[in-house]
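Okay, structure first, notes after.
Printed below as a string of structure tokens:
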């Protein structure tokens, strides 16, 4: 057999979005790398943001479905339990798919929900106090001077 050299030439005129990632160009039997190789499992920041947004939208759809389940069946306890399970699963998925972006989303979402609960509790307590004042503390102090 004759000693013949085989030349393989692969070219691409586009770069970005992973096209040239981990490609190696060989020139004169010396290998040169176009880019720094990406580590396995690392995502581009845009992909993390997109993944987190998609998971958030899926969570909203599931939440709407759970509230419709409650409206149809009237079973609010099961609906709340299913909604809690869905929330935990969506948080875990957001962290897994979104990396640190997903973790920031989860922390922000939980903080906002807790702040909303605190505000709602404060408003409810104010309403209760107002109703007590209107009634004249009749349940606590008695009414019309009978407790004196």
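In the working numbering, the protein residues as written are 21 to 168.
Yeah, the Cβ is synthetic: ideal placement off N, Cα and C, and Gly gets one too.
> DSSP state of residue 80, grouped into three classes?
Replying inline: helix
> Sorted by chain position, which residues of the same chain lie with C-beta nearer than 6 Å to residue 114's C-beta, five sequence neighbours on each side aside?
Replying inline: 72, 75, 122, 125 and 126
> Whole-angstrom Cβ separation of residue 99 and residue 82, contact assumed at under 8 Å?
Replying inline: Residue 99 to residue 82, Cβ: 11 Å. No contact.
> How about residue 96 and residue 88: are their beta carbons less than 8 Å apart?
Replying inline: no
> Between residue 144 and residue 116, what straight-line distance do the alpha-carbon atoms span, to the nearest angstrom?
Replying inline: 37 Å
>> Are the CB atoms of residue 119 and residue 153 within a distance shorter than 8 Å?
In response: no
> Looking at the unbroken alpha helix (DSSP H) that takes in residue 125, where does it start and where does it end?
Replying inline: 96–155
> What three-state label does DSSP hand residue 23 in the structure shown?
Replying inline: coil
>> Can you look up residue 75 in the DSSP assignment and give me helix, strand or coil?
In response: helix
> How many Å lie between residue 128 and residue 147 at the Cα?
Replying inline: 29 Å
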